[in-house]
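Novice: Sharing a structure below in structure tokens format, with a few things to ask.
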Amino acid sequence: MRLKNILKDVETTKTYGYKNCNIKSITHVSKDVEKDGMFICLSGQNFDGNDYAMEAIKNGAKCIVTEVDKEILGVTTIVVKNIRLVMSIIAKNFFNRCVDDLKVIGIVGTSGKTTTSLIIAHILSQNDKNIGVIGTNGIFIGNIKISNKFTTPDPLDLHYIFFQMKSLGVKTVIMEVSAQAIALSKVYGINFDVCVFTNISNEHMDFFGSMEKYARCKMDFFDKKNMKECVVNIDDFYGRELAYKTNVPCISIGVLSPANSFAIEIDTTLDCLRFTANILDDIIPVKTRLVGDYNVYNILSALTVCKLLGVEESVLKSGVNNLEQIPGRLHVFEKNDKKVIVDFAHTPDSFEKTLSFVKRFASGKLITIFGCVGYSDQAKRIEMGKIASKYSDRIIITTDNRDRVPFDEIAKDVAIGIDKAFDYVENRKEAIEFGYNLLGSNDILCVLGKGAEDFQKIDGERIAYSDIDEVKRVLKI
């Protein structure tokens, strides 16, 4: 693609050595630069892409995009103010603005993004089997699954995914939108048809520094420049404020508050969730294996989005009532009167919701296994220890994407909040085996933190690992 077309809508402060050359590839990783490629000098907390510009040129780059006002001889140099925002524009242009031809649904919030997106995809697939999904559990194009490193991919990857989806006949894409993605302008230039707001709770303080900044990032995204309409959980504190202040046409969902879509007659166990949903005056009786009080909100959001997209009431009913259990989300395994639950809960709020729910059905002991990610702060670790201690009869502290942070440092902080029997078992496989061997009849083992993730991040490496596989192994199922 010619450089002029790639730079459409890009505001430049300076250009040096400009030539409307043909660009064959774009990357922000210098070692991945190809002949006649473009290199974007992206910078992060621990690196500066400008330090790798010469390596990129050596590898064949003929155009450099940077925030540094400095001419680089022999190549076209494009100077911009906001490199991350520009990268999103460039990525969209390079992949023929394919996203504009797709119907895109965004899911925003601390918890519930993956479940809500997969419920929407399942319901929509009743009419169209070729639905696209982008999120924590992977990238799905119909029945094709591709691993995903980030909840919301970087723009060059993201728009390539849109390009591939359109090429394969996808018309509708549901994607999780993380707060970091919003802050880093990863989704800039995408005009969402509908966005869902699930909830906000304490998370990612390492990145945002304060709860106020984290919440404001998500809430400010709900603007008419980013989306056509939105579905908002008004039982959430921030959701109520958002529904009141947003300039986007807003449909509310709730259980405790009067809302456009709501649920009554809620009855849930560890095996089944039943309730009656009123979705913009369509009455939908729900019976599903997606258990937990919070799944009422996820289902209400999903049904409302699908209703807004024109899905008929009969399809809403059939779609929601034949849902399969979502891997790693309150995923219950049972054998010989022993239950093991795998769940993605990894924040204080999700710990509270998951463990308080499971405790209601524990006629025997509740044993909880969890760790904290390396970037977590001490306050979060202590709080998660407190919540686990509040509901559990015994706790096993293990590793969970500790990265380069020593396990002992994380475990020591978690232990501050615990006031009952606990064990340290660093190896997560061994922790699950140990926890299972402690189970008696009617006891429950909760394995929290990773859900359907298929890796452990340790010492800078992604190592293949799955809680679900390990639980199946110890249960011999």
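Going from the sequence shown to the working numbering is simple: count from 1 and add 15. Backbone N, C-alpha and C define an ideal beta-carbon position, used for all residues, glycine too. The structure displayed is predicted, hence computed values, not measured ones.
#1: Given a threshold of 16 other Cβ atoms within 10 Å of its Cβ, counted over all protein chains shown, does Arg419 qualify as buried or as exposed?
#2: Phe366 to Asn65, Cα distance in whole Å?
#3: For Phe237 and Tyr33, I'd like the C-alpha separation in whole angstroms.
#4: For Asp143 and Gly204, I'd like the C-alpha separation in whole angstroms.
#5: For Tyr253, which of helix, strand or coil comes out of DSSP?
#6: Just to confirm before moving on: does the CB-CB distance between Val209 and Glu244 stay below 8 Å?
#7: Pull up the distance between the alpha-carbon of Asp575 and that of Ile138, whole angstroms please.
#8: Report back the beta-carbon spacing between Ile341 and Leu305 to the nearest angstrom; my notes put them in contact at under 8 Å.
#9: Considering only C-alpha positions, which residue in the set Val388, Ile410, Arg396, Gly389 is nearest to Leu381?
#10: Pull up the CB-CB distance for Leu100 and Ser193, whole angstroms please, since I reckon it's below 8 Å.
#11: Relative to the alpha-carbon of Ser272, which residue among Ile483, Tyr312, Cys287 has its alpha-carbon at the smallest distance?
#12: Gly464 and Phe385: beta carbons closer than 8 Å?
#13: For Thr362, which of Leu288, Phe277, Lys444, Glu218 has the nearest alpha-carbon?
#14: Excluding five sequence neighbours on each side, which residues of the same chain lie with their C-beta closer than 7 Å to the C-beta of Lys444?
#15: By the DSSP assignment, the beta strand (DSSP E) with Thr92 in it spans what residues?
#16: Can at least three beta-carbon pairs, one atom from the stretch 319-337 and one from the stretch 385-405, be found at a separation below 8 Å?
#17: Please look up how many angstroms separate the CB atoms of Val185 and Ile122, rounded, as I've assumed it's under 8 Å.
#18: What is the DSSP secondary structure of Phe1, reduced to helix, strand or coil?
#19: If we cut at 8 Å on Cβ distances, does Ala479 have a partner in chain D?
#20: Provide the residue span of the alpha helix (DSSP H) that contains Met220, from first to last.
#21: Find the nearest neighbour of Val357 within the set Lys435, Lys487, Tyr229, Val263, judged by alpha-carbon distance.
#22: Am I right that Ala292 and Ile314 are in contact with their C-beta atoms under 8 Å? What's the rounded C-beta distance?
#23: For Ala479, I'd like the list of residues in its chain whose CB is within less than 7 Å of its CB, leaving aside the five on either flank, ordered along the chain.
#24: May I ask you to verify whether the stretch 16-30 touches the stretch 76-92, counting CB pairs closer than 8 Å and requiring at least 3?
#25: Which value, in whole angstroms, describes the spacing of the CA atoms of Asn241 and Lys233?
#26: For a minimum of 4 consecutive residues, which ranges assigned as the alpha helix (DSSP H) are wholly contained in the stretch 153-220?
#27: Within a Cβ cutoff of 6 Å, which residues of the same chain sit near Val515, ignoring the five residues on either side of it in sequence?
#28: In the structure shown, what three-state DSSP assignment does Met399 receive?
#29: I need the boundaries of the alpha helix (DSSP H) containing Asn310, first residue and last residue.
#30: Which word fits Ala278, buried or exposed, when buried means at least 16 other C-beta atoms lie within 10 angstroms of its C-beta?
#31: Given this structure, state the Cα-to-Cα distance separating Phe223 from Asn37, to the nearest angstrom.
#32: Opposite Ala292 in the DSSP bridges: which residues?
#33: Have a look at Cys387, Ile431, Asn457, Ser407 and flag the residue whose alpha-carbon is nearest the alpha-carbon of Lys472.
Specialist: Here's the rundown:
#1: Here residue 419 refers to the residue found at position 404 when the sequence shown is read from its first residue. So Arg419 counts as exposed.
#2: Within the sequence shown, numbered from 1, the residue matching residue 366 stands at position 351. Within the sequence shown, numbered from 1, the residue matching residue 65 stands at position 50. Cα-Cα distance, rounded: 42 Å.
#3: Against the sequence shown, residue 237 aligns to sequence position 222. Against the sequence shown, residue 33 aligns to sequence position 18. Each residue's Cα considered, the two are about 38 Å apart.
#4: Within the sequence shown, residue 143 is the residue found at index 128, counting from 1. Within the sequence shown, residue 204 is the residue found at index 189, counting from 1. Cα to Cα, the separation comes out at about 26 Å.
#5: Taking the sequence shown and counting its residues from 1, the one referred to as residue 253 is at position 238. Note: Tyr253 maps to helix in three-state DSSP.
#6: Locating residue 209 in the sequence shown gives position 194, counting from the first residue. Locating residue 244 in the sequence shown gives position 229, counting from the first residue. It is a contact, given that the beta carbons lie within the stated cut-off.
#7: Since the displayed the chain opens at 16 and closes at 492, residue 575 lies outside it and no answer follows.
#8: For the purposes of this step, residue 341 is taken as residue 326 along the sequence shown, with counting starting at 1. For the purposes of this step, residue 305 is taken as residue 290 along the sequence shown, with counting starting at 1. That pair is a contact at about 7 Å.
#9: As a position in the sequence shown, residue 381 is number 366, starting the count at 1. Checking every option, the nearest Cα to that of Leu381 belongs to Ile410.
#10: For the purposes of this step, residue 100 is identified with residue 85 of the sequence shown, where counting begins at 1. For the purposes of this step, residue 193 is identified with residue 178 of the sequence shown, where counting begins at 1. That belief does not hold up - the Cβ atoms of Leu100 and Ser193 are roughly 17 Å apart, past 8 Å.
#11: Locating residue 272 in the sequence shown gives position 257, where the first residue counts as 1. Cα-wise, what sits closest to Ser272 is Tyr312.
#12: Mapped onto the sequence shown, residue 464 falls at position 449. Mapped onto the sequence shown, residue 385 falls at position 370. Yes. Within cutoff.
#13: Here residue 362 corresponds to residue number 347 of the sequence shown, with the count starting at 1. Among Leu288, Phe277, Lys444, Glu218, the Cα nearest to that of Thr362 belongs to Glu218.
#14: The sequence position of residue 444 within the sequence shown is 429, counting from 1. Here the set comprises Glu485.
#15: Here residue 92 refers to the residue found at position 77 of the sequence shown. Thr92 -> beta strand (DSSP E) spans 91-94.
#16: no
#17: The residue given as residue 185 occupies position 170 in the sequence shown. The residue given as residue 122 occupies position 107 in the sequence shown. Actually they are not in contact, since the Cβ atoms of Val185 and Ile122 sit about 17 Å apart, beyond 8 Å.
#18: Nothing can be reported for residue 1, as the shown portion of the chain is limited to 16 through 492.
#19: In the displayed structure, chain D is absent; only one protein chain is listed.
#20: Here the question's residue 220 lines up with position 205 in the sequence shown. Here the alpha helix (DSSP H) through Met220 covers 220-223.
#21: Against the sequence shown, residue 357 aligns to sequence position 342. Of the listed residues, the one whose Cα sits closest to Val357 is Lys487.
#22: The residue labelled residue 292 in the question sits at position 277 within the sequence shown. The residue labelled residue 314 in the question sits at position 299 within the sequence shown. The pair is a contact, with the Cβ atoms about 7 Å apart (cut-off 8 Å).
#23: Position 464 of the sequence shown, counted from the start, is the residue given in the question as residue 479. For Ala479, where only same-chain residues beyond five positions count, the Cβ hits under 7 Å are Asp469, Phe470.
#24: yes
#25: Walking along the sequence shown from the start, residue 241 turns up at place 226. Walking along the sequence shown from the start, residue 233 turns up at place 218. Straight-line Cα distance between these residues: approximately 12 Å.
#26: 170-182, 194-198
#27: In the structure as shown, the chain begins at 16 and stops at 492. Residue 515 is therefore absent and cannot be evaluated.
#28: By one-based count along the sequence shown, residue 399 stands at place 384. DSSP places Met399 in helix when its eight states are reduced to three.
#29: Your numbering for residue 310 matches position 295 in the sequence shown. From DSSP, the alpha helix (DSSP H) with Asn310 extends over 309-323.
#30: Start at 1 with the first residue of the sequence shown, and residue 278 comes out as number 263. So Ala278 ends up on the buried side.
#31: Within the sequence shown, the letter at position 208 stands for residue 223. Within the sequence shown, the letter at position 22 stands for residue 37. Going by the C-alpha atoms only, they are around 39 Å apart.
#32: Against the sequence shown, residue 292 aligns to sequence position 277. Its beta-bridge partners are Ala278, Ile299.
#33: Looking up residue 472 in the sequence shown gives position 457. With distances taken between Cα atoms, Lys472 lies closest to Cys387.
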